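First up is the structure itself, then whatever we jot down about it.
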Amino acid sequence: MISATNRFTAVLDASVLFPNMKRDILLRFHEADLYRARWTEKIQQEWLVRARERFPDNVAKLDRTDALMREHFEDCWVGGHEKFIPIVDLPNDPDDNHVVAAAIACKAQYIVTDNVRDFPPECLEPFDLERGTADHFLSGTFDHFQYKAFSVLREHRRGLRSQPGATEYLMNLRQKGLPMLAARLLPMKDSL
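The sequence shown begins at -11 in my numbering and counts up by one.
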C-alpha cells in the first residue's frame, strides 16, 4: 500500500469547501489517505463568510463546522505562505494569489477550485502546479484508488442523515456539481 507521504498534496480553494457535499467528500478522501488536503485561514474565512451570507439562520452550525475542521484537520492548515504572494500574478482575480502562494508554501501539486478560469494554467506552470474542479479532482482520485474511494463514498452515502438510496445519492452528486464522479459510481450502484 502506498503511504500518505507518497500521495500528492492539493490546496482546496474556498469554492470547493462550500457547498457542504463537496467539502465532506474532499475531507473524507483526505482522511482515507487518498491525498493530502491543505488550505489557509483566509481560505477558511472566505467560504465561511459566503456560507453565513447565504444561510444566516445556520451561523451556529457553520461555527460548529469551523471548529470541527480546526480540531480534526490540524495537519491541513498552511502558514507562512504570505511571503510567496508577491511572486504570484493571477490576471483574472488577483485576490486569489494567496491560494497559489499557499500551494507553493506546502509544495502542493494541485489546486482544487471550481473557479478554474481564475487560475490560468500559464500562471501556474512556473510553480509546477495544476488546477481542476472538485469534480475533476475527485473523479481522477477515484480512478487511481477505486476500491478505497468507493468505500469512502459508500460510507458517505450511508452516513447521510437523509439516508438516500443509491439512485438518489447519484442524482444529488450530479446536482451538487459532481457529475463525473456520479458517472463513475453508476456501474457500481447496486453495491453503493
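Ideal Cβ placement from N, Cα and C applies to all residues, glycine included. In this text, all values refer to a predicted model and were calculated from it rather than measured experimentally.
Where does residue i land, buried or exposed, given buried means 16+ other C-beta within 10 angstroms?
i: residue 50; result: buried
i: residue 43; result: exposed
i: residue 157; result: buried
i: residue 55; result: exposed
i: residue 146; result: exposed
i: residue 84; result: buried
i: residue 77; result: exposed
i: residue 172; result: buried
If you draw a straight line from the alpha carbon of residue i to that of residue j, how long is it in whole angstroms?
i: residue 180; j: residue 150; result: 15 Å
i: residue 155; j: residue 75; result: 47 Å
i: residue 120; j: residue 47; result: 29 Å
i: residue 117; j: residue 105; result: 15 Å
i: residue 102; j: residue 19; result: 21 Å
i: residue 11; j: residue 4; result: 6 Å
i: residue 92; j: residue 72; result: 7 Å
i: residue 114; j: residue 79; result: 15 Å
i: residue 176; j: residue 168; result: 14 Å
i: residue 90; j: residue 131; result: 26 Å
i: residue -9; j: residue 21; result: Interpretation of residue -9 is limited by its pLDDT of 41, a score under 50 that renders its predicted location unreliable; no figure is taken from the coordinates.
i: residue 170; j: residue 82; result: 33 Å
With distances taken between CB atoms, is the gap from residue i to residue j smaller than 9 Å?
i: residue 64; j: residue 88; result: no
i: residue 23; j: residue -4; result: yes
i: residue 67; j: residue 129; result: no
i: residue 9; j: residue 166; result: yes
i: residue -2; j: residue 137; result: no
i: residue 6; j: residue 36; result: yes
So, under 8 Å CB-CB, residue i and residue j are touching, yes? Tell me the CB distance rounded to an integer number of Å.
i: residue 140; j: residue 14; result: That pair is no contact at about 11 Å.
i: residue 0; j: residue 25; result: 6 Å
Legend entry - Segments of 4+ residues assigned as alpha helix (DSSP H) that fall wholly inside the segment -2 to 22: 2 to 5 and 8 to 19
Inset, instruction - Write down every uninterrupted run of the beta strand (DSSP E) in the segment 113 to 141 whose length is 3 residues or greater and which is fully enclosed by it, in chain order. - result: 118 to 120
Inset, instruction - Pick out the complete alpha helix (DSSP H) segments inside the segment 38 to 63, 4 residues or longer, and give them in chain order. - result: 47 to 60
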